[in-house]
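Number of protein chains: 2
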Amino acid sequence: MGADDDEDVFVPLRPLLPHDAGRGDRRGDRPGSRRVRGLSRADIIDVAIAVADAEGADAVSMRRIAHEMHVGAMSLYWHIASKEELHRLMLEWVQAEVEVPEPTGDWRGDLRSYAHSTRAVLLRHPWAIDFLGSGPPSGPNDARNAERLLAALDELGLDLATTMMVAMSVGTYVIGAALREVQEIRSQHAAEAAAANLPPEEVAAALAEFGRRIRRSGRYPHIAAALDAGLDPDSPDTRTRRFDFGLDRMLDGIEARVKADRSGA
Amino acid sequence: MGADDDEDVFVPLRPLLPHDAGRGDRRGDRPGSRRVRGLSRADIIDVAIAVADAEGADAVSMRRIAHEMHVGAMSLYWHIASKEELHRLMLEWVQAEVEVPEPTGDWRGDLRSYAHSTRAVLLRHPWAIDFLGSGPPSGPNDARNAERLLAALDELGLDLATTMMVAMSVGTYVIGAALREVQEIRSQHAAEAAAANLPPEEVAAALAEFGRRIRRSGRYPHIAAALDAGLDPDSPDTRTRRFDFGLDRMLDGIEARVKADRSGA
DNA sequence: CTACGTCTCGTACGACGTACGATAACAGGA
DNA sequence: TCCTGTTATCGTACGTCGTACGAGACGTAG
């Protein structure tokens, strides 16, 4: 997966690595000139992702990854400029898992499958959420996905600027939704962990007290109603339906705009 | 600001603080029983936020905040259970800056002003994005905002479950947009910092090379076209327009759904 | 063999979160 | 006033982190 021959198309102005110190004549640049020994950039990323998947973002330390590869910690720095760069590379790598089909002529379907695939990847790799803040991913995998997303919108016949805004609106919703879902799952786990160390009656008491305070204050009638309705049992199913609801609203809004544009112009 | 008398309405099952170790009889519980000395929870949060605003999330360390308050590092732990709890409290605290009006009868206007206010707060405190992943904020300020958001939707006459999904859809979009914008601003700053240490002609060369590679690969025609069009100069103005575009699509989609529901039922 | 790029890694430094226990400041009762 | 217990502060110490630095090992070209 992933295009190998243009691994570094993107990310201009990235920090220098040790091997960039050689005069820039780019002699033996064909693949294979590096990594004659065991360690390679791709392997490091793979291991880092495996550790993150298994134990979360906090478990990803240089020492830990090096240990996992039976290698000295500082050896990693020949292949990777810094931990931050590693984070970026992990993010880029995971974009390869996003499956965006070639445009099928059904733009809604294409956008929906982009959205679902991206959501699935982010839920499968929740640590990605923690790294997203540092900067937008930018590499060939991300570019490929963006390219296909834009291609799917061609049939709408919008001008370029509007097309970009449409694509970004959908992407924005998807990322926000993934962020929210990861938040929910994490705090659910945290609550369960806390409850496991407590006698059950104390847990029940704490929850009852919680609801009582919300109701007693009288300031949150809607939230109290939601609690009463026993809504949102945090099931994966509920979350998927919620995701689709918001996505469909966004797509409806886009469709309405396109129709208005067509009849107006 | 912020409701003082129900500071802890929410967050059931939170980790214990040292003063909770006393037998649970809650004798001198009226305000003022604590913080007879200088240090107080609210002050710590204020200082932490000031540091984060000025120097970013990474600058927020227990030692740093303690130093800023002329106090030993471990003194903070009397008032705050852990660094993670401090993050949650900081998040909760900035929610107080979100200005959601009481419902005016114009639900679109109310939702728009919620969205703009939230976006403004997150752009003013970009570090909040870094803490958002750990878990959803949940405290009186956040509850107040959620309550008003739900109240603004009352006039739509939707059932409770749908109302919740509508509110979440808008909130999801807003958070995703803020995340994206903070990403962009940060990588723009990083690029400028990198460019500042390089001779200008090298910067220009790097950018040209960047575009050339994208074009030469032939795989990204839409992205190349966007580059050619000189689109998206990353101005705050462009970003605001983009935010409004996506928000309006979402609101259009919601409105369409409401109308369909009304005529269908 | 020598010389030179490529790559690995041991050591060390400063910063981090925080467990632990000593200690100070204060309140109320005698 | 002194005594006693609660409230609050803080110095020290441990283990972990990212990574700068420089010494070396390896592979290849001359």
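So the sequences go chain by chain: U and P. Counting from 406, one number per residue, gives the positions in the first sequence under the numbering used here. Counting from 406, one number per residue, gives the positions in the second sequence under the numbering used here. Every residue, glycine too, gets a C-beta built ideally from N, C-alpha and C. This one's a predicted model, so the numbers in the text were calculated from it and none came from an experiment.
Straight-line gap, residue i to residue j (C-alpha atoms, nearest Å)
| i | j | result |
| --- | --- | --- |
| residue 492/U | residue 486/U | 11 Å |
| residue 475/P | residue 498/P | 23 Å |
| residue 504/P | residue 609/P | 43 Å |
| residue 654/U | residue 580/U | 16 Å |
| residue 651/U | residue 578/U | 8 Å |
| residue 470/U | residue 450/U | 9 Å |
| residue 435/U | residue 473/U | Note on residue 435/U: pLDDT 33, under 50, position unreliable in the model; no value is reported. |
| residue 538/P | residue 558/U | 31 Å |
| residue 688/U | residue 662/U | Coverage of chain U is limited to positions 406 through 670, which leaves residue 688/U absent and any answer about it impossible. |
| residue 605/P | residue 596/P | 13 Å |
| residue 645/P | residue 511/P | 22 Å |
| residue 668/P | residue 496/U | 46 Å |
| residue 479/U | residue 621/U | 58 Å |
| residue 553/U | residue 627/P | 9 Å |
| residue 438/P | residue 536/U | Reliability fails at residue 438/P, whose pLDDT of 38 lies under 50, so the model's placement of it is uncertain and no value is given. |
| residue 670/U | residue 513/P | 26 Å |
| residue 615/P | residue 590/P | 20 Å |
| residue 406/P | residue 561/U | With a pLDDT of 39 at residue 406/P, under the threshold of 50, the predicted position of this residue should be treated as unreliable, though the coordinate-derived value follows. If I take the Cα positions, the gap works out to 48 Å. |
| residue 613/U | residue 601/U | 17 Å |
| residue 544/P | residue 550/P | 10 Å |
| residue 563/U | residue 522/P | 30 Å |
| residue 467/P | residue 443/P | 17 Å |
Proximity below 8 Å, CB of residue i to CB of residue j
| i | j | result |
| --- | --- | --- |
| residue 625/P | residue 548/U | yes |
| residue 636/U | residue 573/P | no |
| residue 500/P | residue 541/P | no |
| residue 619/P | residue 629/P | yes |
| residue 516/P | residue 452/P | no |
| residue 506/P | residue 556/P | no |
| residue 502/U | residue 465/U | no |
| residue 611/P | residue 524/P | no |
| residue 639/P | residue 593/P | yes |
| residue 634/P | residue 632/U | no |
| residue 584/P | residue 494/U | no |
Unbroken alpha helix (DSSP H) run spanning residue i, endpoints
| i | result |
| --- | --- |
| residue 515/P | 512-529 |
| residue 581/U | 565-601 |
| residue 611/P | 605-622 |
| residue 476/U | Counting along the chain, residue 476/U falls outside any alpha helix (DSSP H), and DSSP gives it neither H nor E. |
| residue 463/P | Per DSSP, residue 463/P belongs to no alpha helix (DSSP H) and is neither H nor E. |
| residue 627/U | 626-633 |
| residue 538/U | Run containing residue 538/U: none; DSSP gives neither H nor E here. |
| residue 668/P | 641-669 |
| residue 547/P | 545-557 |
| residue 483/P | First-last for residue 483/P: undefined, no H or E at that position. |
| residue 444/U | Here residue 444/U belongs to no alpha helix (DSSP H), and DSSP marks it neither H nor E. |
| residue 490/U | 488-500 |
Chain-ordered neighbours of residue i on chain P, where CB pairs are closer than 7 Å
| i | result |
| --- | --- |
| residue 627/U | 552, 555, 556 |
| residue 548/U | 625, 628 |
| residue 457/U | Chain P residues near residue 457/U: none, gap ~13 Å exceeds 7 Å. |
| residue 471/U | Under the 7 Å cutoff, chain P gives no residues; its nearest Cβ is about 23 Å from residue 471/U. |
Interface residues of chain P facing residue i [CB-CB closer than 9 Å]
| i | result |
| --- | --- |
| residue 584/U | 537, 538, 577, 580, 581, 584 |
| residue 636/U | 565, 566, 569 |
| residue 651/U | 570, 571, 573, 574, 575, 577, 578, 655, 658 |
| residue 630/U | 555, 565 |
Amino acids of chain U, ordered along the chain, whose beta-carbon sits closer than 9 Å to that of residue i
| i | result |
| --- | --- |
| residue 500/P | Near residue 500/P there are no residues of chain U at all, since even the closest Cβ is about 14 Å away, more than 9 Å. |
| residue 587/P | 538 |
| residue 534/P | 537, 538 |
7 Å Cβ cut-off: residues of chain U touching residue i
| i | result |
| --- | --- |
| residue 647/P | 570, 573 |
| residue 661/P | 657, 661 |
Contacts that residue i makes with chain P (C-beta to C-beta distance below 8 Å)
| i | result |
| --- | --- |
| residue 541/U | 585, 588, 589, 592 |
| residue 520/U | Residues of chain P passing the Cβ test: none, with the nearest at roughly 12 Å. |
| residue 595/U | 540 |
Indicate whether the contact test is met: 3 or more Cβ pairs, each with one atom in the region 525-539 of chain P and one in the region 445-461 of chain P, closer than 8 Å.
yes
Is the region 648-663 of chain P close to the region 646-664 of chain U, with three or more CB pairs under 8 Å?
yes
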